[in-house]
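Here the structure comes first, spelled out in structure tokens, and everything after it is commentary.
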Amino acid sequence: ARSTAPSAPPPAAPLPPLAPLERRVRTGLRRGSRSVDAVIDLHGLRQAEAHAALIGFLHRSRAAGHAVVLVVTGKGVGGDDPYAERGVLRRSVPHWLRLPELRSLVLGFEEAAHHHGGGGALYIRLRRR
């Protein structure tokens, strides 16, 4: 007896690993001869708010045809509670960028140059539409 259940769709092709920025792009950004296409500052947002804001920002940026965007996370050195975790967004954003929901948008990312926020910011290279 044959099964009439629909067959499962073929698995999606795995995405290539995330890569750092191309040397030409990195050099231009660090020297200031190339600017970022858009910026979002996640300072002061709670994790859930920052995650939602990042997803929306990356979708809008890709739809607008942007290639390189800057995400400012802050360095996480402030706070009144000496026992609280610091730098939560700084640690969380790279993790989020590796998740399947954003991998379809992101080619790669790396720490920003000092004049763009250094360790408290990331350059993100977006996939073309």
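Going by the UniProt record's numbering, the residue at position 125 of the sequence shown is 125; the numbering climbs one at a time, nothing skipped. Think of the CB as a built atom: it goes at the ideal place given N, C-alpha and C, for glycine as much as any other residue.
The region 107 to 116 and the region 21 to 41 touch, with no fewer than 3 CB-CB distances between them shorter than 8 angstroms. The DSSP-derived three-state label of residue 22 is coil. In the three-state scheme derived from DSSP, where H, G and I count as helix and E and B as strand, residue 36 is classed as coil.
Beta-bridge pairing by DSSP links residue 70 to 39 and 123. Beta-bridge partners of residue 109 (DSSP): 124. Straight-line measurement puts the Cα of residue 41 at about 12 angstroms from the Cα of residue 123.
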